[in-house]
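**Q** Chains as they are written, first to last, in this note's numbering: chain A, 127 to 268; chain B, 127 to 268; chain C, 127 to 268.
The C-beta atom is built at its ideal place from N, Cα and C for all residues, glycine as well.
Okay, handing you the structure first.
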Amino acid sequence: MWTQHHLTLPPQRRGFHLITREVVAAVPELAKVRVGLLHVWIQHTSASLTVNENASPDVRRDFERYFNHAVPDGWPAFEHTLEGRDDMPAHIKASVLGPSLTLPVSAGRLALGTWQGIYLCEHRDDGGARRLVLTLQGEVGG
Amino acid sequence: MWTQHHLTLPPQRRGFHLITREVVAAVPELAKVRVGLLHVWIQHTSASLTVNENASPDVRRDFERYFNHAVPDGWPAFEHTLEGRDDMPAHIKASVLGPSLTLPVSAGRLALGTWQGIYLCEHRDDGGARRLVLTLQGEVGG
Amino acid sequence: MWTQHHLTLPPQRRGFHLITREVVAAVPELAKVRVGLLHVWIQHTSASLTVNENASPDVRRDFERYFNHAVPDGWPAFEHTLEGRDDMPAHIKASVLGPSLTLPVSAGRLALGTWQGIYLCEHRDDGGARRLVLTLQGEVGG
């Protein structure tokens with residue numbers, strides 16, 4: 127079984143945001159898949175996707191603190207400055223964290239660990255809405 | 127063909143560890159797959175998976191040195207400190223390296239390069255056992 | 127449908143290079159896939175793959191500047207120095223950016239965003255030719 131959905135996330139402020147619920151809700155066929163994979167793709171180069179701790183909001187704030195330190199806005203060596211001080215850092219963070227996730231599916235559910243949640247990583251100050259492509263494949267059965 | 131296995135790795139000390147052999151041994155159906163993909167998922171947020179040089183143990187020690195430098199234990203700006211000085215760095219390293227691998231399969235074997243091996247990246251001092259979900263799909267034939 | 131191709135990219139100078147066109151051309155069956163995924167694997171541990179901005183060459187130059195700063199050649203703490211000052215940094219950059227991409231396919235085309243392109247990230251001064259394994263799967267139809 128193959129199915130593909132598009133999901134547009136409303137604009138979020140710069141930072142790391144839990145979107146597990148939104149992703150799962152956008153793929154109702156997930157419930158029918160015995161064994162499979164869900165692929166999530168973000169169609170942008172200044173936002174990204176990762177999986178990390180789903181309980182403590184302070185973890186997500188520390189992600190933002192750390193990545194702002196590791197890839198500083200307005201880093202003087204950047205040549206590509208035309209689109210703003212946060213643009214080139216956003217591109218780099220997006221590639222470090224990555225544009226996609228492939229998630230295991232078991233018995234109609236994502237086979238994530240207890241503490242794992244999907245993050246939208248918004249790297250721009252005004253990133254706007256973000257489009258995801260969700261591709262589900264697997265063996266149907268019960 | 128779809129198949130899914132669980133693999134629990136025994137506790138490893140903090141650092142980077144070759145696990146290619148353990149992963150391949152846990153998926154005996156690999157030998158029957160003509161063309162396919164093996165997906166490996168770690169169900170934790172403070173350990174990760176990568177592929178890198180499979181020959182020199184000094185490369186794996188340098189990974190540990192580098193990442194400890196890039197994301198220092200007890201970094202003063204971290205807010206999430208309740209679970210120890212190595213916890214928040216472990217979360218960040220886990221997202222930088224990533225929770226999964228998708229590996230090509232050709233003629234019953236992983237189609238890795240000569241020097242490529244699978245690493246378990248243990249980012250915590252006492253991470254305990256780590257659970258992997260292995261999902262194999264592909265075309266059976268010979 | 128499953129198909130697998132090998133693609134050897136000629137030697138490129140150290141840096142970030144757009145290869146979307148070469149990848150798509152190497153998988154002619156892409157045009158027949160209604161919904162699917164294209165997996166791209168690099169069989170090396172000192173070069174990597176990412177997706178980022180496909181328009182401005184200065185973005186790709188800034189990637190090179192940033193990663194050279196974040197993982198410096200000849201970093202004194204490295205133990206694995208036998209293969210040159212750029213070798214160990216290349217291994218680390220390769221794992222940070224990653225050895226593979228999984229790309230969504232819709233209606234016979236890669237479902238990338240407007241500004242997304244595939245980068246070969248060549249982390250060595252003299253990396254030589256680079257081998258990719260391209261695995262396409264999906265539902266055929268129109």
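Indicate whether L199 of chain B and D212 of chain B have their beta-carbon atoms separated by less than 7 angstroms.
**A** Reading off the sequence, residue 199 of chain B comes out as Asp, not Leu. Against a cut-off of 7 angstroms, the Cβ pair of D212 of chain B and D199 of chain B comes out as a contact.
**Q** Of the residues B:T129, B:G162 and B:Q169, which one's Cα is nearest the Cα of L135 of chain B?
**A** Checked all of B:T129, B:G162 and B:Q169; the closest Cα to L135 of chain B is B:Q169.
**Q** Can you tell me where the beta strand (DSSP E) holding T146 of chain C begins and where it ends?
**A** Per DSSP, T146 of chain C belongs to no beta strand (DSSP E); it is in the alpha helix (DSSP H), T146 to A151.
**Q** Please state whether the Cβ-Cβ distance between L246 of chain B and L133 of chain B is less than 7 angstroms.
**A** No.
**Q** List the residues of chain B whose Cβ lies closer than 7 angstroms to the Cβ of P225 of chain C, in chain order.
**A** Near P225 of chain C (Cβ distances below 7 angstroms), the residues of chain B are V177.
**Q** Out of B:E248, B:L227 and B:A181, point me to the one whose CA is closest to T260 of chain B's CA.
**A** Per the sequence shown, the amino acid found at residue 260 of chain B is Leu instead of Thr. Ranking the options by Cα distance to L260 of chain B, first place goes to B:L227.
**Q** How about H195 of chain A: is its C-beta nearer than 7 angstroms to some C-beta of chain C?
**A** No - not a single Cβ of chain C is within 7 angstroms of the one on H195 of chain A.
**Q** Measure the CB-CB distance between H249 of chain C and S182 of chain B and report whether it falls below 7 angstroms.
**A** No; because the gap between Cβ atoms is not below 7 angstroms, this pair is not in contact.
**Q** Confirm, please, whether the CB-CB distance from R191 of chain C to F142 of chain C is below 7 angstroms.
**A** Not a contact, by the Cβ cut-off of 7 angstroms.
**Q** Please state whether DSSP places H165 of chain A in a helix, a strand or coil.
**A** DSSP places H165 of chain A in strand when its eight states are reduced to three.
**Q** Which parts of the stretch 192-259 of chain A are runs of the beta strand (DSSP E), unbroken and 3 residues or longer, counting only runs that do not cross its ends?
**A** The stretch 192-259 of chain A contains these whole beta strand (DSSP E) runs: 226-232 and 242-248.
**Q** Could you say which of C:E148, C:K158, C:G224 and C:Q263 lies nearest to L175 of chain C if we only look at CA atoms?
**A** Nearest option by C-alpha distance: C:G224.
**Q** Give me, in chain order, the residues of the same chain whose beta-carbon lies closer than 8 angstroms to that of N180 of chain A; leave out the 5 immediate sequence neighbours on both sides.
**A** So the qualifying residues of the chain are L144, T146, W241, Q242 and G243.
**Q** Give the residues from the stretch 202-231 of chain C that approach chain B closer than 7 angstroms (Cβ to any Cβ), ordered along the chain.
**A** If the cut-off is 7 angstroms between Cβ atoms, the stretch 202-231 of chain C has A203, F204, E205, H206, M214, H217, I218, A220, S221, V222, G224, P225, S226 and T228 near chain B.
**Q** Can you give me the C-alpha to C-alpha distance between Q130 of chain A and A237 of chain B, rounded to a whole angstrom?
**A** Approximately 28 angstroms, taken between the alpha carbons.
**Q** Between A:N194, A:V161 and A:R235, which has its C-alpha nearest M127 of chain A's C-alpha?
**A** Selected option, being the one with the closest Cα: A:V161.
**Q** Could you tell me whether any Cβ in chain C is nearer than 7 angstroms to the Cβ of L163 of chain B?
**A** Judged by the 7 angstroms Cβ criterion, L163 of chain B is in contact with chain C.
**Q** Are the Cβ atoms of D188 of chain A and F204 of chain B separated by less than 7 angstroms?
**A** It is a contact, given that the beta carbons lie within the stated cut-off.
**Q** With a threshold of 7 angstroms between beta carbons, is V266 of chain A in contact with chain C?
**A** No, its Cβ sits nowhere closer than 7 angstroms to a Cβ of chain C.
**Q** Over what stretch of residues does the beta strand (DSSP E) that includes Q130 of chain A continue unbroken?
**A** From DSSP, the beta strand (DSSP E) with Q130 of chain A extends over W128 to L135.
**Q** Does the Cβ-Cβ distance between V231 of chain C and G264 of chain C come in under 7 angstroms?
**A** In contact: V231 of chain C and G264 of chain C (Cβ atoms closer than 7 angstroms).
**Q** Answer yes or no: do G229 of chain A and E155 of chain A have a C-beta to C-beta separation smaller than 7 angstroms?
**A** Here residue 229 of chain A is Leu; the residue named in the question, Gly, does not match the sequence. Cβ atoms of L229 of chain A and E155 of chain A: not closer than 7 angstroms.
**Q** Would a check of beta-carbon distances place R256 of chain A closer than 7 angstroms to chain B?
**A** No, no contact with chain B.
**Q** Under three-state DSSP, which class holds A173 of chain C?
**A** DSSP places A173 of chain C in strand when its eight states are reduced to three.
**Q** For the stretch 237-262 of chain B, which residues have a beta carbon sitting closer than 7 angstroms to at least one beta carbon of chain C?
**A** Cβ contacts with chain C: A237, L238, G239, W241 and Q242.
**Q** How long is the line joining the alpha carbons of E148 of chain A and R139 of chain A, rounded to whole angstroms?
**A** E148 of chain A and R139 of chain A: Cα-Cα distance of roughly 17 angstroms.
**Q** I'd like to know whether the C-beta of R191 of chain A is nearer than 7 angstroms to at least one C-beta of chain B.
**A** Output row for R191 of chain A: interface = yes.
**Q** Quick check on R160 of chain B: does DSSP put it in helix, strand or coil?
**A** Strand at R160 of chain B.
**Q** Drop a sphere of 10 angstroms on the beta-carbon of L208 of chain C, count the other beta-carbons inside from all chains shown, and report buried for 16 or more, exposed for fewer.
**A** L208 of chain C should be labelled exposed.
**Q** Who are the near neighbours of L163 of chain A in its chain, counting only those whose CB is closer than 8 angstroms to its CB and skipping five residues on each side?
**A** These residues qualify, in order along the chain: T228, L229, P230, V231, L262, Q263 and G264.
**Q** To which residues does DSSP link F142 of chain B through a beta bridge?
**A** Paired residues: B:C247.
**Q** Could you tell me whether the Cβ of Q138 of chain A comes closer than 7 angstroms to any Cβ of chain C?
**A** No, Q138 of chain A lies away from the interface with chain C (no Cβ there is under 7 angstroms from its Cβ).
**Q** Comparing alpha-carbon positions, which option in A:V166, A:R256 and A:G239 lies nearest W167 of chain B?
**A** Selected option, being the one with the closest Cα: A:G239.
**Q** When you compare each of B:D184, B:S172 and B:N194 to R256 of chain B by their alpha carbons, which one comes out closest?
**A** Cα-wise, what sits closest to R256 of chain B is B:S172.
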